[in-house]
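Undergrad: So the sequence shown is residues -26 to -1, 1 to 126, counted in mature numbering (1 follows the signal peptide of the UniProt record, and there is no 0).
Glycine is no exception: its CB is placed at the ideal position from the N, C-alpha and C atoms.
I am attaching a structure below and will ask some questions about it afterwards.
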Amino acid sequence: MMSRKSSFLAMIALVCCMILVGVTQSTPLVPLQKRFAGTGDVAYCDFTDNVTGRFTWTNIPGGKCRVTGQFNTGLESPDVSDYEFTLEDDSGKTIQDLTEGIRKQIHINVPGCSPYQCDFPFSLSSVKDVVGLCYVVKMKGKVIGKGVIVGV
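Here is the structure:
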């Protein structure tokens, strides 16, 4: 009788050890906070003058920043090559030119455009890097819209 009880307890101990080993082996060495640092950060930019619309910047897993948005009014030319889209600092210096990426994805239906979404690596853009910058829209070299990027 004692032998059966010992065997049963040994079996329970073995199962517990296997569960413990399984749990510790499946735990990543790098904590989630470090693997997804900055993920979920959000910033937005509202256009409220001649050009209207909203764009958002969201950090997503994989070291990328997703930019989404749409212009609702203010685009007068149906030719997307007439427009430039840049991020500028307070002095008007271009920090990042988004023109190529945006031109590839939007379709202008005067006075607005189709929704836009693009993922940038953090080396080009992240929420913390764009907060405080101005998102500027130019048509044929002339500024037609400008909004400040605000963190949430």
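Determine the direct distance from the alpha carbon of E58 to that of Y90, and round the result to whole angstroms.
TA: 14 Å
Undergrad: According to DSSP, what are the bridge partners of P95?
TA: In DSSP, P95 forms a bridge with K38.
Undergrad: For E50, which three-state DSSP category applies?
TA: If DSSP states are grouped into helix, strand and coil, E50 belongs with coil.
Undergrad: Does DSSP classify I123 as helix, strand or coil?
TA: coil
Undergrad: Locate the beta strand (DSSP E) running through V16, then write down its first and last residues.
TA: That run of the beta strand (DSSP E) goes 16 to 22.
Undergrad: What residue range is occupied by the uninterrupted beta strand (DSSP E) comprising D103?
TA: No beta strand (DSSP E) contains D103, which is instead part of the alpha helix (DSSP H) from 101 to 104.
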